[in-house]
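This note's numbering applies: residue 3 is where the sequence shown begins, and numbers increase by one. Even for Gly, the Cβ is constructed at its ideal location relative to N, Cα and C. Source: prediction; values computed, not measured. To start, the structure under review is shown below, and the notes come after it.
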Amino acid sequence: MSERQNAFTIKTNRLSDEVYNQLATYAKSRKLGDYISSLILRDLDDASTGRKAMEDKKTYEMFEYIKNELAELKALAQTKGFVGSDSFKEEEPSKVPQLKEGKIADLANISGSLDDDDLEEYNDF
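Shown next as structure tokens:
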């Protein structure tokens with residue numbers, strides 16, 4: 003960064019009377035520096051907002067591209083016979099089996115038994 007200058011020069015002969023009078027009013031009240039600074043900060047904020055809007059637009063475009071590619075892949079898979087037509091349908095939440103904590107499967111009919119000999123076989127671990 004270059005060394006700061008104590009003052010900047012503005013060529014007032016290139017300014018309209020309206021702009022000159024506005025700058026003169028701020029200069030007389032010793033608020034010209036604050037006014038110029040606020041204008042520049044506003045411009046910087048607008049530029050930042052513009053970049054954010056551009057990034058949002060690019061993200062949306064990428065999402066749309068991916069969505070279209072996925073639709074094409076689904077159509078291709080269905081025409082090539084890789085999958086049935088029902089494979090890509092989302093299941094309704096009520097049809098998806100829900101496991102509850104601690105419940106792995108329903109074992110209604112358990113048969114068999116363990117005796118002491120069976121347990122001794124596995125004690126050497």
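* Spatial neighbours of residue 40 within its chain, please: CB distance less than 7 Å, with the 5 preceding and 5 following residues excluded, ordered by chain position. => As a position in the sequence shown, residue 40 is number 38, starting the count at 1. Closer than 7 Å at Cβ, skipping near neighbours: no residue.
* Does DSSP put residue 35 in a helix, in a strand, or in coil? -> Translated into positions along the sequence shown, residue 35 becomes position 33. Looking at residue 35 - three-state DSSP - the assignment turns out to be helix.
* Any heavy atom of the ligand MN closer than 7 Å to the Cβ of residue 118? -> Looking for the ligand MN in the displayed structure turns up nothing, as the structure carries no ligands at all.
* Provide the residue span of the alpha helix (DSSP H) that contains residue 17, from first to last. => Locating residue 17 in the sequence shown gives position 15, counting from the first residue. Note, residue 17: premise wrong, no alpha helix (DSSP H); not H, not E.
* Would you identify the three-state DSSP class for residue 79, choosing helix, strand or coil? => Residue mapping note: residue 79 aligns to position 77 of the sequence shown, counting from 1. Residue 79: helix per DSSP, three-state reduction.
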